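S.K.: Quick one: this structure, given as structure tokens, is what I'll be asking you about.
Residue numbers (the numbering used here), protein chains in the order written: chain P, 256 to 460; chain S, 256 to 460; chain C, 256 to 460; chain X, 256 to 460; chain G, 256 to 460; chain Z, 256 to 460.
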């Protein structure tokens, strides 16, 4: 089974915990519809503020199955991506977009089932000057996303997993889920987490 | 066909682009339900912070089909508008509310199908002092909304169209949609936007 | 009829107005699904930033029917609460969570029908150091929540009602609803609120 | 020696620590000149947003030596206080102003030596409607300021000390200063704080 | 006496009040040194985010005595202006800069005595694409600045005065200062403002 | 001449430009007194929110001449550093502190001449749990600071220079200063920057 399929079985939060609380992208980046999920390797972009030429180029250059991960110089209030770009990207097999900025045409994007994770929706149009970087490391909140890193997003948020740690992430996420299922059983029996984790000895019940 | 009907056929983003990236209201102003749309001429209001007398007066004075467009002195955290005012406004044929502040009673407003675009929901009550202006120009983010300007809102955001430019907006929006349909056809055939726009000559494929 | 049942009949906004515009918690605290409602007495928590030991302890110590009300030192960007804690709390009869911070596992929490009101969703994991306070007064925005105060939350927001004023809140909320129904009747007949409230004498129609 | 004189000998930070990290007002509230200090009992005010009638009333009603402590409904962008009010307050022996909002006429206020602690400077004028509260508890950030509590402010920020804990604050602040002087001596000799506090045993040097 | 000289005699706050609380620019725009003052007619600029070509053009095209007033698309975090541009502008007799964004080289600018009012200081460099507008109306916070309007800035903030209202502003500001001097005399005698304004009849002493 | 001395000759803005607009730390990080400057290699720290044990350890472990560069998990509102730590660090030859959070005891720190660059001042005390990292890469705004990178700070802000690019930075900064001096000469003669850069051919004079 390939890594993308394996990672898709886990939530972003579980993978974040599996790697020792690693890789949480800014929590303001959320799917434009809560049911959207995304998983794949990152094709990274860094744009000028309010300019989207590099996003047009990114979906043309990225490989099928990749996720466009874009930083926008900290300027969120523009519609960097819309229905046409979603159609172009989806047609080429791009797996989705994760952008630290806004997008537009949410209804059409949602209708075509192309997963977009953004700061929000904004109609404000963009320029076409094209300065910035393609497929180089980008900072997203507290973490660096390198080209080829895995990104997994769901309703709770988005996590980045370094390519070199993907097997570790999958193994530890599986272990975590087993342990959580065991906790779940005890919780259903009426035990509390402070009992299950043994914290009642420290704090009293 | 009247202008309101004609404008209703376009998205806010399309009209914004049609006029050369004009008239985007602050992107924090969104419909309280993503399915809401609004279109009509603006009856403008500028309120004191946390005071809503002028909003009561506005829906009584505005003409049927108009949209109340309200600035609240930059004080967002109050429930300036609720279910009773929505009922009163709807009964009088007001087309909707666009407010740079918060509202409350979202469930009831949604149930009666009165479109409200706001910064969000807030239960905090208002005062009744009544200072401010009615049907004078108001600043909304980067743009001025004049009485009688057209406003069009959907899930992506809200655009204001100067009354004198409404025919231009409709024509250019139609042209833009035709062009976009032509782009869409090519995207579906696997071309990318950098090819369609000829940018591949600048950037390489 | 007990107070909780009685309070549940009213919206948060109505109760806020009933007590003279009292007790609105920060409007950024919203249900993770708009259909969630919560009502009960507060078991208060104040956590260190990014630490959630006290939340584990809180749901173990609180009485069935109580609502956990948590301040997080003004540090919102962490997933202080998730599906396991929701399961544990729900199993013990806890009525819900109101937190001035973020949570995660929204899909699972929503599926189990445990009401959670938060600043938003965030996958970022927490620490286990455990400093802070349990069941002592906490500041939430403009108001103090004391242990045993009532909290009522819905899509519009959350209100806190001092324990000593709960009967007053219920009576005044009932009176307010009667008055609102009377206003509604007149609005449906085409009167405006400035006529109904007699403000037309001040402002002209 | 009276409490005000005794408290004046300590920094706001020292008093905050002395009471177990208690009473820090929002750190955005700073003196309009870094050399200003304030110390006295609080005469508390809660204003409507952008209204300053209650501040005029406050300095007329407060006793000489008191400090006006004002919350402004979370609306900071107004010049709630200026040179005339400073002159009036200073003439009546008011010890200073601590306001969770902005002020204006900074040069004149500084020239007359009246200590003002605010969110910043803003020329925007205020209204005269006068709703709000005088000398009732107000929330300032994380803490409640009760009438008669002591406030101490300097360049670093402002602390509130409950009236009932003022002697405790003074004693513990004195003890803290002695301990700090002892630490200072060792630091000057080249020891590090992890050695002085014994943390080197935990962490290694 | 010319208007600029006449306006220079008043504070920004006084002129704002003189025109009925008109024209306050965002209070985050402050002089880079508190002793700086600026007064003149506006040469307006609207830049792309992070681009400063239009500012280079603006000081070359503006007339001596004018003040460059610049909006930066809501993107503050760039050093749009520095010591070289200050030298060029000062040499050409430009009276100062008011910018809704950041600048750099504060020490050198201060040393040459060229007044700059900005959101703050930022070293981040700019691009040279040059899109935007020159000498067209720009929105600054709540108000529109038209080419040729007067701007007056001091430590408290910046006010814009419409060219057509400049005489009114001067007259009313003079009247206001006389009235304030009369209030000052009474305050020094121990009267309070609620007595001087007659509010004691409403509120009691 | 060593690199630190060489870098000290340039402003942070010049070095940022010299490396192609690289390395600007968040512009909210400023010296607590505008006259402070800092230059040295980074000893990096990442703290838990509101915890400062790692800062105590950092100045004990860092080499003389190094600058402590600290990220605080995005929680700014705490006094992570004060006069005692400044004394300890200065005694050991530490060159200064650059922190993405707040500090306290500004007067004492300024008096001892220890350069501190921070988000601001805050009296709020810290905890002593000690989780985090020492001398590992940290994200500061848009850039990664690696242990051993050079940081240079002045009134305008702070820049990080990768260790491997320090000679390039010095050479290009010197070239830039020569070019700027040549521009300055022409500006003093009355030429404008659009003439000097040849942009007048594009835009007209």
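We put the CB at the ideal spot given by N, CA and C, even for glycine.
Note that the coordinates shown come from a computational prediction; the quantities given were computed from them, not determined experimentally.
(1) Using 8 Å as the limit for Cβ to Cβ distance, is residue 448 of chain P near chain C?
(2) Given residue 380 of chain P, which residues of its chain have a CB within under 7 Å of its CB, disregarding the five upstream and five downstream residues?
(3) Taking the beta strand (DSSP E) that residue 297 of chain P falls in, what are its first and last residues?
(4) Helix, strand or coil: how does DSSP classify residue 325 of chain P here?
(5) What first and last residue would you give for the alpha helix (DSSP H) that runs through residue 363 of chain Z?
(6) Which same chain residues end up closer than 6 Å to residue 417 of chain X when comparing Cβ atoms and leaving out the 5 residues on each side of it in sequence?
(7) Using the Cβ count rule (16 or more neighbours within 10 Å means buried), how would you classify residue 376 of chain S?
(8) If the cut is a Cβ gap below 7 Å, which residues of chain A does residue 343 of chain P touch?
(9) Does residue 395 of chain Z get closer than 8 Å to chain C when you measure Cβ to Cβ?
(10) Taking a cut of 7 Å between CB atoms, which residues from the segment 376–391 of chain X lie near chain G?
(11) Spell out whether any CB of chain Z is found under 8 Å from the CB atom of residue 398 of chain P.
(12) Does the distance from the C-beta atom of residue 282 of chain Z to that of residue 357 of chain G stay below 8 Å?
(13) Residue 425 of chain G by DSSP, collapsed to three states: which one?
(14) Apply the 10 Å Cβ neighbour rule to residue 257 of chain C and answer buried if 16 or more other Cβ atoms are within range, or exposed otherwise.
(15) At which residues does the alpha helix (DSSP H) containing residue 343 of chain S begin and terminate?
(16) Strictly by DSSP, which residues pair up with residue 286 of chain G?
(17) What first and last residue would you give for the beta strand (DSSP E) that runs through residue 388 of chain C?
(18) Give the interface partners of residue 334 of chain S over in chain C, defined as CB-CB distance under 8 Å, in chain order.
(19) Taking just the CA atoms, how far does residue 323 of chain C sit from residue 355 of chain S?
(20) List the residues that DSSP assigns as beta-bridge partners of residue 401 of chain C.
(21) Below 8 Å on the Cβ atoms is my guess for residue 348 of chain C versus residue 320 of chain C; work out the distance and round it to an integer in Å.
(22) Identify every residue that forms a DSSP beta bridge with residue 408 of chain X.
(23) Residue 350 of chain S: which of S/267, S/369, S/338 sits nearest, CA to CA?
(24) Considering only the alpha carbon of each residue, which of Z/345, Z/331, Z/449 lies closest to residue 313 of chain G?
(25) Note down the Cα distance separating residue 262 of chain C from residue 408 of chain C, rounded to an integer number of angstroms.
(26) For the structure I just gave you, are there three or more beta carbon pairs, one from the segment 381–400 of chain X and one from the segment 358–366 of chain X, closer than 8 Å?
(27) Around the C-beta of residue 325 of chain P, are 16 or more other C-beta atoms found within 10 angstroms, so that it is buried, or is it exposed?
(28) Check the Cβ of residue 414 of chain X against every Cβ in chain Z and list those closer than 9 Å, keeping chain order.
(29) Applying the criterion that 16 or more other CB atoms from any shown protein chain within 10 Å of the CB defines a buried residue, is residue 433 of chain C buried or exposed?
(30) Residue 284 of chain P to residue 400 of chain P, Cα distance in whole Å?
(31) Cα separation between residue 438 of chain P and residue 393 of chain P?
(32) Within 8 Å of any Cβ in chain X, is that where the Cβ of residue 303 of chain Z sits?
(33) Along chain G, which residues have their Cβ under 8 Å away from the Cβ of residue 361 of chain X?
(34) So, is residue 365 of chain X buried or exposed, given that buried needs 16 or more other C-beta atoms within 10 angstroms?
(35) Going by the DSSP bridge assignment, what does residue 355 of chain Z pair with across the sheet?
(36) Enumerate in chain order the residues of its own chain whose CB-to-CB distance from residue 265 of chain G is below 6 Å, with the five nearest sequence positions on each side excluded.
M.R.: The structure says:
(1) Counting from one through the first chain, the residue named residue 448 of chain P turns up at place 193. Interface residue, yes.
(2) By one-based count along the first chain, residue 380 of chain P stands at place 125. 334, listed in sequence order.
(3) Taking the first chain and counting its residues from 1, the one referred to as residue 297 of chain P is at position 42. According to the DSSP assignment, residue 297 of chain P belongs to the beta strand (DSSP E) that extends over 293–302.
(4) For the purposes of this step, residue 325 of chain P is taken as the residue at position 70 of the first chain. Correct three-state label for residue 325 of chain P: strand.
(5) Residue 363 of chain Z sits at position 108 when you count from the first residue of the sixth chain. Note, residue 363 of chain Z: alpha helix (DSSP H), 361–367.
(6) The sequence position of residue 417 of chain X within the fourth chain is 162, counting from 1. Taken in chain order, the residues that qualify are 404.
(7) As a first step, residue 376 of chain S is located in the second chain; it is residue number 121 there, counting from the start. Around the beta carbon of residue 376 of chain S, 16 or more other beta carbons lie within 10 angstroms, which makes this residue buried.
(8) The displayed structure is made up of protein chains P, S, C, X, G and Z, and chain A is not among them.
(9) Position 140 of the sixth chain, counting from 1, holds the residue named residue 395 of chain Z. Output row for residue 395 of chain Z: interface = no.
(10) 376, 377, 378, 379, 380
(11) Taking the first residue of the first chain as position 1, residue 398 of chain P is located at position 143. Closer than 8 Å to some Cβ of chain Z, the Cβ of residue 398 of chain P qualifies, so yes.
(12) On the sixth chain, residue 282 of chain Z is found 27 positions in, with the first residue counted as 1. On the fifth chain, residue 357 of chain G is found 102 positions in, with the first residue counted as 1. Contact flag set, yes.
(13) Within the fifth chain, residue 425 of chain G is the residue found at index 170, counting from 1. In this structure, residue 425 of chain G counts as helix in the three-state DSSP scheme.
(14) Residue 257 of chain C sits at position 2 when you count from the first residue of the third chain. Using a 10 angstroms sphere on the CB of residue 257 of chain C, the tally of other CB atoms stays under 16, which defines it as exposed.
(15) For this step, residue 343 of chain S is matched to residue 88 along the second chain. Per DSSP, residue 343 of chain S belongs to the alpha helix (DSSP H) from 338–346.
(16) Residue 286 of chain G sits at position 31 when you count from the first residue of the fifth chain. Partner(s): G/372.
(17) Numbered from its first residue, the third chain carries residue 388 of chain C at position 133. 387–389 is the span of the beta strand (DSSP E), which, as asked, contains residue 388 of chain C.
(18) Within the second chain, the letter at position 79 stands for residue 334 of chain S. Neighbours of residue 334 of chain S on chain C, chain order: 268, 411.
(19) As a first step, residue 355 of chain S must be located in the second chain, where it is residue number 100. As a first step, residue 323 of chain C must be located in the third chain, where it is residue number 68. When rounded, the distance between both Cα atoms is 32 Å.
(20) Reading the third chain from its first residue, position 146 is the one you call residue 401 of chain C. None; residue 401 of chain C has no bridge partner.
(21) On the third chain, residue 348 of chain C is found 93 positions in, with the first residue counted as 1. On the third chain, residue 320 of chain C is found 65 positions in, with the first residue counted as 1. Rounded, the Cβ-Cβ distance is 6 Å, consistent with contact.
(22) Start at 1 with the first residue of the fourth chain, and residue 408 of chain X comes out as number 153. DSSP lists X/293, X/413 as partners of residue 408 of chain X.
(23) Within the second chain, numbered from 1, the residue matching residue 350 of chain S stands at position 95. Ranking S/267, S/369, S/338 by Cα distance to residue 350 of chain S puts S/369 first.
(24) On the fifth chain, residue 313 of chain G is found 58 positions in, with the first residue counted as 1. Residue Z/449 is the option with its Cα nearest to residue 313 of chain G.
(25) For the purposes of this step, residue 262 of chain C is taken as residue 7 along the third chain, with counting starting at 1. For the purposes of this step, residue 408 of chain C is taken as residue 153 along the third chain, with counting starting at 1. Approximately 10 Å, taken between the alpha carbons.
(26) no
(27) On the first chain, residue 325 of chain P is found 70 positions in, with the first residue counted as 1. So residue 325 of chain P ends up on the buried side.
(28) Counting from 1 along the fourth chain, the entry for residue 414 of chain X is found at position 159. Within 9 Å Cβ-Cβ: 378.
(29) Position 178 of the third chain, counted from the first residue, corresponds to residue 433 of chain C. Within 10 angstroms of the beta-carbon of residue 433 of chain C lie fewer than 16 other beta-carbons, which makes it exposed.
(30) Here the question's residue 284 of chain P lines up with position 29 in the first chain. Here the question's residue 400 of chain P lines up with position 145 in the first chain. Their Cα atoms are separated by approximately 15 Å.
(31) Translated into the one-based positions of the first chain, residue 438 of chain P becomes position 183. Translated into the one-based positions of the first chain, residue 393 of chain P becomes position 138. The straight-line gap from Cα to Cα measures roughly 37 Å.
(32) One-based indexing of the sixth chain puts residue 303 of chain Z at position 48. No, its Cβ sits nowhere closer than 8 Å to a Cβ of chain X.
(33) Here residue 361 of chain X corresponds to residue number 106 of the fourth chain, with the count starting at 1. 289, 410, 411, listed in chain order.
(34) Here residue 365 of chain X corresponds to residue number 110 of the fourth chain, with the count starting at 1. Its Cβ being crowded by 16 or more others within 10 Å, residue 365 of chain X is buried.
(35) As a first step, residue 355 of chain Z must be located in the sixth chain, where it is residue number 100. Its beta-bridge partners are Z/326.
(36) Counting from 1 along the fifth chain, the entry for residue 265 of chain G is found at position 10. Excluding residues within five positions, the ones whose Cβ falls inside 6 Å are 428.
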